[in-house]
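Here the structure is laid out as structure tokens; the discussion comes afterwards.
Protein chains in written order, with full-length UniProt numbering: chain A, 1 to 289; chain B, 1 to 289; chain C, 1 to 289; chain D, 1 to 289.
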């Protein structure tokens with residue numbers, strides 16, 4: 001078996017990703033939440049306060065990152081995506097409306113996907129990759145990504161290393177995510193809509209993520225961290241992000257990279273198998289609706 | 001850009017706030033809970049045991065605080081608000097009934113707001129600020145606050161530093177709150193109504209709040225802590241509050257202040273921008289009900 | 001003001017209480033759960049494995065305790081209550097069926113209460129006190145307790161020190177409980193019925209309870225700990241109970257007592273005020289159903 | 001009383017068990033989830049990435065384990081069960097479809113059970129024991145296990161040591177499980193279907209499990225740990241499993257064994273009482289539906 005090369009010799013590769021969701025995941029629960037001023041302000045904190053602080057931190061530590069932005073959010077705040085690109089980071093596609101694909105028809109998903117692409121085209125933002133809203137891809141999602149010329153998706157979880165998918169509309173890299181490397185499960189709290197119910201100390205979250213990054217070096221994994229500016233942009237949590245990055249840099253064998261660069265390396269890696277997705281055949285007598 | 005001055009040179013400003021809710025948030029779930037004696041006694045602990053202990057602690061450590069009291073609670077316990085003011089602390093408006101504004105009509109919200117104001121007027125308590133029940137302001141709330149001559153609101157979350165709002169009925173300061181600086185998410189537990197489901201160790205809560213206060217010094221923030229006497233009045237939790245205050249005092253560059261004093265400083269700060277709230281325009285085709 | 005004497009000079013008094021619920025709280029969710037063998041076995045662990053281990057631990061450390069037993073449980077396992085009394089501990093009344101009083105009519109509550117009393121009378125177990133199922137007393141509960149000649153209740157939460165209630169049917173002592181001194185919130189987990197969803201490490205629980213016991217010495221409180229044999233009878237958790245008791249004994253100024261002895265001291269304490277319960281008058285226009 | 005011998009002189013016996021559920025518990029919530037690609041990929045990680053890593057870890061540390069596999073999963077991945085047996089571990093029966101028996105008729109449970117047995121028979125996998133899906137046995141389950149010639153079940157919780165059941169269809173050993181020795185409660189998270197809502201740091205989980213294993217030595221218990229490859233197969237969590245096993249090995253008096261070997265020792269232990277299950281008689285007037 002050929003050795004893989006996507007990691008460039010690093011023991012683990014870290015992609016710091018920020019999902020700049022702003023109000024979109026709340027509005028996806030129902031338009032009426034637009035009238036809840038406190039909740040809207042809670043979400044607005046992300047692009048307003050969180051993103052600039054995150055950009056400063058990344059600049060200070062000189063590590064690259066990837067920002068997944070819903071098209072609706074980029075449209076609402078015209079300078080936002082450009083301000084990220086200017087600092088040398090990648091902006092990627094995170095749907096238009098942040099409604100989960102699993103709640104839409106195939107046509108609805110396509111329309112939402114393409115509307116997002118159009119926003120970035122109008123803003124002159126080059127897009128290489130996609131992440132499904134709520135990490136809720138359907139079997140149609142990977143082909144949509146390939147068909148529109150993107151090189152990677154980052155919404156699936158069948159591995160903790162990049163893998164390649166033959167979508168039928170072209171080959172893409174999958175940069176897998178995981179709930180345990182997401183700040184939402186640790187920090188998100190809102191009573192209405194109920195998006196989470198427990199707020200964990202960043203001290204404990206840092207402990208968990210350090211342990212994961214460290215352990216991933218044993219298996220040469222992709223440490224694909226997903227942070228939300230409205231959550232991790234807060235001071236105590238951002239200190240935990242800072243400490244995590246410093247820990248990773250201190251290890252000496254962890255490479256920090258943008259998603260598009262990891263995807264390119266994965267697509268160029270002859271040792272990574274590329275396979276079509278195998279759709280499960282389910283007997284309705286075994287699993288009813 | 002002019003330097004801001006609202007902080008008076010401190011690295012961070014801490015406002016210790018206590019929401020003296022007593023039975024009101026439970027009754028807001030339904031009048032029938034008044035018949036649940038154990039639950040009513042659980043809430044009564046706040047004004048009966050928690051508030052006197054908190055007042056003693058604040059006196060001992062010589063730090064000022066702000067108590068947000070629903071009008072209904074002040075009415076039920078006639079000497080309560082006065083006992084707080086006598087110790088040099090501020091009493092502020094926390095609605096009449098503790099029903100969230102997002103669950104009321106605009107007229108209902110106004111009536112509830114004004115009924116609360118009347119209670120404090122009758123009791124001779126001077127009111128400078130307001131906090132919405134459940135941190136559930138509507139777009140009407142800030143103007144209500146300004147119209148009644150108050151100088152600040154403390155229910156929004158678009159920043160972690162004070163900001164100014166042109167409400168249309170006058171300019172007010174917003175002293176933003178956040179779920180992670182609230183003891184409810186850490187301690188509140190009741191099976192019926194289900195107001196919370198996890199009870200965290202105060203040792204961990206102290207760890208989180210110390211980390212946040214410390215980190216806020218990097219960004220010159222407002223550490224606007226929200227505590228509930230029926231929760232944080234319990235012995236082990238009050239020790240955590242004591243340790244937190246002592247930690248803040250020991251830092252040497254954190255200023256403890258009442259909300260009204262922070263609001264006055266913010267309103268007098270020429271470097272703080274004052275803007276009208278920008279209401280989101282939502283396309284019903286993108287976000288259905 | 002006279003000094004209170006109920007504590008006998010101790011800085012804090014600890015009542016170790018064990019609610020021997022067995023299957024009863026599960027069956028109160030619906031009789032159908034009797035068919036769920038795994039769940040029934042989960043509950044049976046309490047009297048079968050937990051209680052004997054707890055009795056051995058208490059004997060080894062020579063501390064007295066109080067066991068609250070539903071009448072139905074005592075009836076199902078005829079020797080259970082006697083085996084507890086034989087070891088010098090108190091058995092107290094914990095309803096007949098463990099259905100919460102707030103879900104029953106006044107007549108239903110009375111019938112359930114009296115059926116429980118009859119079980120203990122038939123078994124020759126002397127009963128001095130009562131704890132409402134689910135800590136869900138109604139305003140009728142204290143008078144029921146007094147009317148049947150008991151000296152105390154342990155279901156309310158308006159203080160963390162004993163207090164006296166003039167019930168109309170006689171004076172009783174209230175030994176208040178609290179959710180934070182209950183192992184259910186920390187350990188209970190069942191998917192169906194969903195009785196809890198998080199399992200905390202006993203190391204953290206011990207940390208929290210030690211902090212509470214320590215802090216209670218500042219305010220001369222009653223550390224009224226509520227444990228369930230089906231939960232805290234498990235090895236790692238019982239080690240935490242052992243460590244907690246050893247911590248309390250080591251403090252030197254904490255007294256361990258049975259509930260009935262604390263109640264007797266409270267009732268004999270001339271400095272404890274005895275008051276009727278003040279039922280809240282609720283305006284239906286303020287708090288609808 | 002004769003001393004028991006099932007433990008072979010060890011202070012505690014540890015059975016490391018892995019429930020290789022893959023997609024089955026999700027599909028049991030509804031066939032429609034098969035269309036949720038992200039969720040399906042989340043579950044596929046178990047057999048694809050988790051199982052090989054776990055096998056390597058067990059080999060490296062030279063400890064035996066037991067893998068409970070739903071028949072449907074073994075059928076979908078024909079080489080899976082054999083790859084486990086080849087490494088010297090045991091494969092056991094974990095239903096066909098992973099639908100909980102408590103949600104099926106008696107006939108439905110039997111059909112599901114037998115279909116699972118047939119899969120393993122066709123694959124030449126020798127089966128000695130069974131674990132009910134979701135740990136949701138009915139009173140019919142133990143007899144089904146005995147009737148099909150298996151020697152043990154591992155789904156009940158009435159003790160933390162093995163016990164023997166006279167099922168009417170033969171005697172079996174019960175190797176009890178418990179929610180606190182399951183990684184699901186600590187790590188499982190999915191928003192839809194909502195299979196869990198909190199993700200705990202493996203550092204804390206290790207702390208809890210070490211404490212339990214250590215404490216079990218006082219009572220000569222069975223440390224019957226249940227792990228899921230899609231959960232504990234992730235790097236940071238697998239490090240916690242590694243550390244736990246190393247801790248157990250280091251204690252010197254803990255024996256690691258396959259379930260079938262513990263069951264055989266229990267069935268051969270003359271000091272273990274064998275009793276029929278006592279079905280509870282429930283008065284419908286006490287516990288309504």
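A virtual CB, placed ideally from N, CA and C, is assigned to each residue, including glycine.
Taking buried to mean at least 16 other C-beta atoms within 10 Å of its own C-beta, is residue i buried or exposed?
i	result
residue 194 (chain B)	exposed
residue 102 (chain C)	buried
residue 212 (chain C)	buried
residue 82 (chain C)	exposed
residue 250 (chain C)	exposed
residue 153 (chain B)	buried
residue 240 (chain D)	buried
What is the DSSP secondary structure of residue i, counted as helix, strand or coil?
i	result
residue 42 (chain D)	helix
residue 142 (chain A)	helix
residue 259 (chain D)	helix
residue 103 (chain D)	helix
residue 252 (chain A)	coil
residue 83 (chain A)	helix
residue 30 (chain A)	coil
residue 171 (chain B)	strand
residue 123 (chain A)	coil
residue 155 (chain B)	coil
residue 51 (chain D)	helix
Please tell me whether residue i has its Cβ less than 8 Å away from any Cβ of chain A.
i	result
residue 31 (chain D)	yes
residue 211 (chain B)	yes
Comparing the C-beta of residue i with each C-beta of chain B, is any distance below 8 Å?
i	result
residue 21 (chain C)	no
residue 15 (chain C)	no
residue 40 (chain A)	yes
residue 133 (chain C)	no
So the candidates are the options; which of them puts its Cα closest to the Cα of residue i?
i	options	result
residue 283 (chain A)	D:6, D:228, D:155, D:28	D:28
residue 286 (chain C)	B:145, B:100, B:287	B:100
residue 222 (chain C)	C:178, C:246, C:236, C:235	C:178
residue 161 (chain B)	B:169, B:167, B:168, B:174	B:174
residue 198 (chain A)	B:181, B:277, B:213	B:181
residue 107 (chain B)	B:140, B:225, B:265	B:140
residue 8 (chain D)	D:164, D:220, D:233	D:220
residue 98 (chain A)	A:227, A:25, A:246	A:25
residue 135 (chain B)	B:168, B:43, B:95	B:95
residue 131 (chain A)	A:55, A:260, A:53	A:260
residue 67 (chain A)	A:237, A:224, A:2, A:217	A:224
Compare the C-beta of residue i with all C-beta atoms of chain D and state if any pair is closer than 8 Å.
i	result
residue 154 (chain A)	no
residue 280 (chain A)	yes
residue 25 (chain A)	no
residue 236 (chain C)	yes
Would you say residue i faces chain C, with C-beta separation under 8 Å as the test?
i	result
residue 4 (chain D)	no
residue 216 (chain D)	yes
residue 160 (chain D)	yes
residue 97 (chain B)	yes
residue 36 (chain B)	yes
For the stretch 245 to 273 of chain B, which residues have a beta carbon sitting closer than 9 Å to at least one beta carbon of chain A?
Of all residues in the stretch 245 to 273 of chain B, none is placed with a Cβ closer than 9 Å to any Cβ belonging to chain A.
The stretch 218 to 234 of chain D: positions lying closer than 8 Å to chain C by Cβ:
For the stretch 218 to 234 of chain D, the beta-carbon criterion of a distance under 8 Å to any beta-carbon of chain C is satisfied by 218, 219, 221.
Compile a chain-ordered list of the residues in the stretch 190 to 201 of chain B whose CB is closer than 9 Å to at least one CB of chain A.
Residues passing the 9 Å Cβ filter: 196, 197, 198, 200.
Just by C-beta distance, which residues in the stretch 166 to 188 of chain B are closer than 8 Å to chain A?
Here the close residues are 176, 178, 179, 180, 185, 186.
Interface positions of the stretch 56 to 80 of chain C facing chain D (Cβ-Cβ less than 8 Å), listed along the chain
Residues 72, 76.
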